[in-house]
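Okay, so here's the structure we're looking at.
Numbering (UniProt numbering), first residue to last: 1 to 167.
This is the structure:
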């Protein structure tokens with residue numbers, strides 16, 4: 001897991017406390033997404049692209065927990081690229097058997113049983129996280145830039161009666 005230390009969070013928290021809760025969540029989610037884009041781009045660059053479905057399935061997912069904690073992560077796989085974990089970790093030799101029929105029909109050939117030789121792992125997420133950890137300043141800069149620009153926009157929208165807010 002990638003963890004970083006950020007200075008000045010107390011000042012940031014004071015500023016965020018003055019904003020409406022829904023805006024605070026939106027700003028934090030956006031900033032986390034901006035930071036995760038570095039990992040996303042690294043992951044896309046590490047994929048051995050055949051069809052493009054796996055690279056297309058990469059996305060950033062944000063989640064707000066019940067305790068108020070907001071997190072973001074890069075997720076791989078969807079209906080089309082259901083095999084993301086098999087590419088990342090590889091597969092062992094195994095037998096493929098039909099579930100509800102007597103035979104399989106694969107590549108125009110009918111078989112009762114197929115001996116799958118397995119596949120070598122071709123990691124793309126782990127190297128992306130490792131590279132992003134080494135270049136964490138890039139992710140932090142993206143996070144800070146997003147926070148700075150978005151906070152300024154939201155503070156400009158606040159009514160003038162909130163004079164206690166430092167712009």
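The beta-carbon is built from N, C-alpha and C at its ideal position, and this holds for glycine as well.
Check	Outcome
Three-state class that DSSP yields for residue 94 in the structure shown	strand
Heavy atom of the ligand GDP within 8 Å of residue 30 beta-carbon	The ligand GDP is absent from the structure shown, which contains no ligands of any kind.
Inter-residue spacing [alpha-carbon to alpha-carbon] between residue 28 and residue 69	10 Å
Beta strand (DSSP E) segments (min. 3 residues) lying fully within the region 49 to 115	59 to 64, 70 to 75, 94 to 96, 104 to 106 and 109 to 111
Identified DSSP bridge partners for residue 137	Answer by DSSP bridge pairing: none, since residue 137 is not bridged.
Residues near residue 163 by beta carbon distance below 6 Å, same chain, minus five either side	At residue 163, the pLDDT of 48 sits below 50, so the modelled position is not reliable; the number obtained from the coordinates is stated separately. Counting only Cβ-Cβ distances below 6 Å, and skipping sequence neighbours, we find nothing.
Buried versus exposed, by CB contacts within 10 Å (16 or more), residue 64	exposed
Alpha-carbon to alpha-carbon, residue 84 and residue 30	25 Å
Contact check, residue 168 vs residue 103, beta carbons under 9 Å	Only positions 1 to 167 of the chain appear in the structure, and residue 168 is not among them; the question remains open.
Buried versus exposed, by CB contacts within 10 Å (16 or more), residue 47	buried
With 16 other Cβ atoms within 10 Å as the buried cut-off, status of residue 74	buried
Pairwise C-alpha distance: residue 156 and residue 249	A query on residue 249 cannot be resolved here, the shown segment of the chain reaching from 1 to 167 and no further.
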